[in-house]
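First up is the structure itself, then whatever we jot down about it.
Protein chains: 2
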Amino acid sequence: MTDVLSTVLQEQLHKRYGAQAPVAGGVANPTLELLLRHRTVRRFLPGEISESELAVIVAAAQSASTSANFQFTSVVVVDDPALRARLAELAGGQQLINDAAVFLVWLADWSRNIELARANGHTIEATEYLDSALSSVIDVTLSAQNAATAAESLGYGITFVGALRNKIDAVIEALGLPEHTFPVYGLAIGIPDPADPADIKPRYGQSVVVHRNTYTPPAAEDLADYLDRINTYYREQELPEDWVKNRLAGRISTKESLHGRQGIRNTFNRQGFPLK
Amino acid sequence: MTDVLSTVLQEQLHKRYGAQAPVAGGVANPTLELLLRHRTVRRFLPGEISESELAVIVAAAQSASTSANFQFTSVVVVDDPALRARLAELAGGQQLINDAAVFLVWLADWSRNIELARANGHTIEATEYLDSALSSVIDVTLSAQNAATAAESLGYGITFVGALRNKIDAVIEALGLPEHTFPVYGLAIGIPDPADPADIKPRYGQSVVVHRNTYTPPAAEDLADYLDRINTYYREQELPEDWVKNRLAGRISTKESLHGRQGIRNTFNRQGFPLK
């Protein structure tokens, strides 16, 4: 059993890293296999998720670490079809939001803690600073990744939808979000359509991302190795090659490539986060 | 086997939520049990982690979702004892940084993608906006939570160390971090000391954090139920009770309660993130 898992894990490492794959050396368990197997699923078959499954997914989210036990995570379960359609439209026409078994919008939520502190006569000042907003975004993201892992352990596929921030003011209005909350992204959970071609995607080699004690810029040949692997992946998926030109540059060259997200600072301010 | 897991999971839900625990109704698997079992471990026994274990933990981190495959995650493995001691001091005297089997500092890292785009003749403008910095912090946090889960699946205990942001400029200097990188937090991974008393910690009930289609402020009795459960937990741990007064208010009442983090906006700017 462990031998089989070991072999699977080593194959997964090979898909991520190519010839640079580290040797797992017998390190293996079902959770590692699940984490390394992750791929984004953008096509879902019809199907619903049970209330118990959803409750356990949320419990997994809430079980993640949270800064000082502040628990900034709130989550909006969107099951109204008209509201799903509206969010799909706001995210630039993402059909997967309509098709998912469940669609969750994750909020960085300071509101209840602020209310509790105020109700007990305390002043509130720290929340005006950037670190407080950042801290709440980190908190909800630790939670959301646990939710993703929990959903995948139940056989579902997932996709995070950052494009909800493209028209964030309209999202806030559609969900009726109060002051001191901020929608960070959506998470679509659904039954994977076997026709979805996405596979385990190549990542930068560990020599690029791992540093020992001090930061070391990546070697040119390690970056070249990655571009070769990711471009091969896109070619095999029959998608446009040249990751730098067609993917990276298209998203960072101009402020327009942010598709509206260049305005989120104003939205934070309006939601009660001055970001000092 | 599934019956045993089911029973364990239901007990875990009871520890998180008390009488408000949802019914898992047979939903159970080893990964869910692992996620729901999480507790922060702050006391470690001596011991090292193998290179294969570390490589698989990093692979799990890199297997998480990443916005547009941008892979903003970098991680500094701190194994130099003097550097560990320096970081422990900067984080306010956290001995666990010295004692951990491995101490990782997670970076939101735009540097290599910017270099790749520049080297191919593209302009860079989008990175000047708040959303770009936020996006990279989200990316690294999805990764770091996967690393935490992977480490726990191997029997280690973990603690995130947000206090690295208290004296962030000194952390940047100690690790030699270049422009377009930002240290978000540390992650201590180690062998749990059985004497560490921390248990599964109560969280807000799901009625507080879960919303259906539109946001619903929490009911006063649900907040009161939580304060009762968390204060009972602290009493049983022989720690000061009154979560609102002793924990929450102490961290948000004044800007001084940020312990230096009120300056991180300037640090972002100096690291090449204007946060427009």
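Residue numbers (the numbering used here), protein chains in the order written: chain A, 1 to 276; chain B, 1001 to 1276.
Even glycine gets a Cβ: it sits at the ideal position worked out from N, Cα and C.
In this text, all values refer to a predicted model and were calculated from it rather than measured experimentally.
Per DSSP, residue i forms a beta bridge with which residues?
i	result
B/His1211	A/Val76
A/Ile356	Past the boundaries of the shown model lies residue 356 of chain A; chain A is included only from 1 to 276, so the question cannot be answered.
A/Ala108	A/Thr73 and A/Phe182
B/Phe1268	B/Phe1268 is not bridged to any residue.
Any C-beta of chain A sitting closer than 8 Å to the C-beta of residue i?
i	result
B/Gly1162	yes
B/Ser1253	yes
B/His1180	no
B/Leu1248	yes
B/Ser1006	no
B/Arg1270	no
B/Val1209	yes
B/Ala1224	no
B/Gly1025	yes
B/Asn1213	yes
B/Ala1198	no
B/Pro1274	no
B/Gln1020	no
B/Lys1201	yes
B/Gln1010	no
B/Pro1192	no
B/Ala1064	yes
B/Ala1148	yes
B/Ala1060	yes
Please state the DSSP three-state secondary structure of residue i.
i	result
B/Leu1130	helix
B/Leu1045	strand
B/Leu1258	helix
A/Ala24	coil
A/Gly176	coil
B/His1014	helix
B/Val1094	This sequence places Gln at residue 1094 of chain B; Val is not what is there. Of the three classes helix, strand and coil, the one that applies to B/Gln1094 here is coil, per DSSP.
A/Pro274	coil
B/Leu1239	coil
B/Glu1033	helix
B/Glu1051	helix
A/Glu125	coil
A/Thr232	helix
B/Glu1205	The sequence given here places Gly at residue 1205 of chain B; Glu does not occur at that position. B/Gly1205: coil per DSSP, three-state reduction.
B/Asp1139	helix
A/Ile200	coil
A/Arg86	helix
A/Lys167	coil
A/Thr149	helix
A/Pro218	coil
A/Ser6	helix
B/Pro1081	helix
B/Ser1067	helix
So with Cβ pairs under 8 Å, would you call residue i a contact of chain B?
i	result
A/Tyr156	no
A/Thr141	yes
A/Gly176	yes
A/Pro218	yes
A/Val184	yes
A/Leu96	no
A/Ile189	no
A/Val102	no
A/Ala151	no
A/Ala195	no
A/Val171	no
A/Ala279	Only positions 1 to 276 of chain A appear in the structure, and residue 279 of chain A is not among them; the question remains open.
> Taking a cut of 7 Å between CB atoms, which residues from the stretch 39–58 of chain A lie near chain B?
Replying inline: Thr40, Ser52, Glu53, Ala55, Val56 and Val58
> For the stretch 1116–1139 of chain B, which residues have a beta carbon sitting closer than 8 Å to at least one beta carbon of chain A?
Replying inline: Leu1116, Ala1117, Asn1120, His1122, Thr1123, Ile1124, Glu1125, Ala1126, Thr1127, Glu1128, Tyr1129, Leu1130, Asp1131, Ser1132, Leu1134, Ser1135, Val1137 and Ile1138
> For the stretch 1178–1194 of chain B against the stretch 1139–1152 of chain B, are there 3 or more C-beta pairs whose distance is under 8 Å?
Replying inline: yes
> Counting Cβ pairs, one atom from each stretch, are 3 or more of them under 8 Å apart for the stretch 249–265 of chain A and the stretch 1122–1137 of chain B?
Replying inline: yes
> When the Cβ atoms of the stretch 1163–1181 of chain B are set against those of the stretch 1033–1052 of chain B, are three or more pairs found closer than 8 Å?
Replying inline: no
> Which residues, in chain order, does the stretch 1078–1092 of chain B contribute to contact with chain A at a C-beta distance below 8 Å?
Replying inline: Val1078, Asp1079, Asp1080 and Leu1083
> For the 8 Å Cβ check, are there 3 or more pairs between the stretch 81–99 of chain A and the stretch 1222–1231 of chain B?
Replying inline: no
> What residues in the stretch 1228–1245 of chain B have a beta carbon less than 7 Å from any beta carbon of chain A?
Replying inline: Val1244 and Lys1245
> Any chance the stretch 1027–1041 of chain B sits against the stretch 144–154 of chain A, with 3 or more Cβ pairs inside 8 Å?
Replying inline: yes
> Should the stretch 66–74 of chain A be called in touch with the stretch 1197–1214 of chain B, which here means at least 3 C-beta pairs below 8 Å?
Replying inline: yes
> Is the stretch 236–248 of chain A touching the stretch 1101–1121 of chain B, taking contact as three or more C-beta pairs under 8 Å?
Replying inline: yes
>> So, does the stretch 1170–1177 of chain B touch the stretch 76–87 of chain A, judging by three or more C-beta pairs under 8 Å?
In response: no
> Pairing CB atoms from the stretch 1212–1220 of chain B with CB atoms from the stretch 1046–1066 of chain B, are three or more of them under 8 Å?
Replying inline: no
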